[in-house]
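J.:
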């Protein structure tokens with residue numbers, strides 16, 4: 001038997017055994033080979049790499065670190081995953097774990113708010129499809145203007161709703177509106193009133209954490225940064241959440257001059273569950289501020305990020 005035909009035989013036997021669940025005895029009759037040869041060929045298929053067996057192990061958590069975070073911060077849940085061999089595996093584990101936790105929370109919720117960004121998009125992509133027409137997904141702040149990106153705000157609220165066959169509400173307006181009168185009047189436009197009404201009743205939201213650098217990636221915001229954050233000492237900005245800048249202690253820095261189009265920050269912070277997902281060590285300072293300010297109720301991250309947070313706080 002030539003090598004090509006032999007490889008084809010190995011593949012056929014392996015497929016019948018592993019996928020079709022046929023027994024060695026069944027295969028012996030089918031291929032008219034001894035049980036010894038069938039077993040030998042199955043071993044050969046594994047040894048040659050023709051068959052690869054992968055065992056999906058449960059994602060492990062660092063419970064000691066979780067307890068340290070719960071003692072240090074007023075957080076309901078700190079899911080801190082053990083580090084993997086590669087950054088890609090770390091990121092995938094965080095997204096996979098976060099999506100499962102958030103989907104479970106969605107089943108207990110009525111109105112779910114979300115922001116934008118690649119992290120939120122990845123979480124949505126990992127949701128298991130199910131029909132839940134008794135819930136509503138909602139934007140609660142305007143669009144970040146990344147209209148060429150799949151991770152812009154409006155497409156994400158639609159994608160999330162599509163996973164559950166659920167209705168959704170959007171806020172088709174920019175994230176920042178400089179004119180105080182225009183921003184106030186838009187909220188009362190008939191087309192936007194349902195979105196504001198829905199968003200004000202959120203019982204769950206999930207989000208990534210941003211930085212001032214992420215805002216600067218959008219040209220129009222970078223160009224008007226001084227006007228958007230008028231009166232804010234930008235050197236004090238540790239992170240961005242819900243469109244607002246905050247310092248290392250979690251103090252929102254633009255409360256008195258907030259140009260964000262959306263529901264008030266007090267209403268956002270009244271949401272019962274506010275889940276933050278953090279993949280990057282470079283977001284550790286931003287996460288520390290968010291935890292100190294109780295801007296999030298639950299977090300999902302890994303050991304690398306968590307240890308950097310402790311380093312930032314001198315612990």
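Residue numbers (the UniProt record's numbering): 1 to 315.
Each residue gets a CB set at the ideal place from its N, CA and C atoms; glycine is no exception.
All values reported here derive from a predicted model rather than from experimental measurement.
Determine whether the beta carbon atoms of residue 137 and residue 97 lie at a separation below 8 angstroms.
T.: No, the Cβ-Cβ distance between residue 137 and residue 97 is not below 8 angstroms.
J.: With three or more beta-carbon pairs closer than 8 angstroms as the criterion, would you say the segment 124-139 touches the segment 93-112?
T.: Yes, since at least three Cβ pairs between the segment 124-139 and the segment 93-112 fall closer than 8 angstroms, the two stretches touch.
J.: Alpha carbon to alpha carbon, how far is residue 302 from residue 80? Give it in angstroms, no decimals.
T.: Whole-angstrom Cα-Cα distance: 5 angstroms.
J.: Within this structure, are the beta carbons of residue 76 and residue 298 separated by less than 8 angstroms?
T.: Going by C-beta atoms, residue 76 is nearer than 8 angstroms to residue 298.
J.: Kindly identify the DSSP beta-bridge partner or partners of residue 208.
T.: Answer is 277, bridged to residue 208.
J.: Hey, would you say residue 163 sits closer than 8 angstroms to residue 206, going by beta carbons?
T.: Cβ atoms of residue 163 and residue 206: not closer than 8 angstroms.
J.: Could I get the ranges of all uninterrupted beta strand (DSSP E) runs contained in the segment 203-278, with 3 residues as the minimum, in chain order?
T.: Runs of the beta strand (DSSP E) inside the segment 203-278: 204-208, 239-241, 244-246, 273-277.
J.: Quick check on the DSSP output: the beta strand (DSSP E) that includes residue 302 runs from which residue to which?
T.: Unbroken beta strand (DSSP E) run through residue 302: 298-302.
J.: Using the Cβ count rule (16 or more neighbours within 10 Å means buried), how would you classify residue 122?
T.: Buried is the call here.
J.: Quick check on the burial criterion: 16 or more other C-beta atoms within 10 angstroms. Buried or exposed for residue 184?
T.: Result: exposed.
J.: Can you list, in chain order, the residues of its chain whose CB lies under 6 angstroms from that of residue 204, leaving out five sequence neighbours each side?
T.: Taken in chain order, the residues that qualify are 105, 109, 112, 273.
J.: Take residue 132 and list the residues in its own chain whose beta-carbon comes closer than 8 angstroms to its own, dropping the five residues that flank it on each side.
T.: Cβ neighbours of residue 132 beyond the five flanking positions: 106, 107, 164, 165, 166.
J.: Within the continuous alpha helix (DSSP H) that includes residue 191, where are the two ends?
T.: Premise fails: residue 191 is in no alpha helix (DSSP H) and is neither H nor E.
J.: How should residue 171 be labelled, buried or exposed, when 16 other C-beta atoms within 10 angstroms of its C-beta is the threshold for buried?
T.: With 16 or more Cβ atoms within 10 Å of its Cβ, residue 171 is classed as buried.
J.: Shortest alpha-carbon distance to residue 288 belongs to which of 119, 313, 95?
T.: Minimum Cα distance to residue 288 is reached at 313.
J.: Assign residue 219 to one of two classes, buried (16 or more other C-beta atoms within 10 Å of its C-beta) or exposed (fewer than that).
T.: Exposed.
J.: So residue 144 packs on residue 279, CB below 8 angstroms; how close in whole Å?
T.: Residue 144 to residue 279, Cβ: 19 angstroms. No contact.
J.: Specify whether the segment 34-41 and the segment 252-272 touch according to this definition: at least 3 beta carbon pairs, one from each stretch, less than 8 angstroms apart.
T.: Too few Cβ pairs lie closer than 8 angstroms, so no.
J.: In terms of residues, what are the limits of the beta strand (DSSP E) holding residue 78?
T.: That run of the beta strand (DSSP E) goes 77-81.
J.: Taking just the CA atoms, how far does residue 18 sit from residue 210?
T.: Computed Cα separation, rounded: 45 angstroms.
J.: Quick one, which of 181, 187, 160 has its alpha-carbon nearest residue 173's?
T.: Per the Cα distances, 187.
J.: Out of 61, 270, 253, 115, point me to the one whose CA is closest to residue 158's CA.
T.: Nearest of 61, 270, 253, 115 to residue 158, Cα basis: 115.
J.: At what residues does the beta strand (DSSP E) containing residue 288 begin and finish?
T.: That residue, residue 288, is in no beta strand (DSSP E); its alpha helix (DSSP H) goes 284-292.
J.: So residue 265 and residue 242 are supposed to be a Cβ contact under 8 angstroms. How far apart are they, rounded?
T.: That belief holds up - the Cβ atoms of residue 265 and residue 242 are roughly 6 angstroms apart, short of 8 angstroms.
J.: So is residue 208 buried or exposed if we call it buried at 16+ other beta carbons inside 10 Å?
T.: By the neighbour-count rule (16 or more Cβ atoms within 10 Å), residue 208 is buried.
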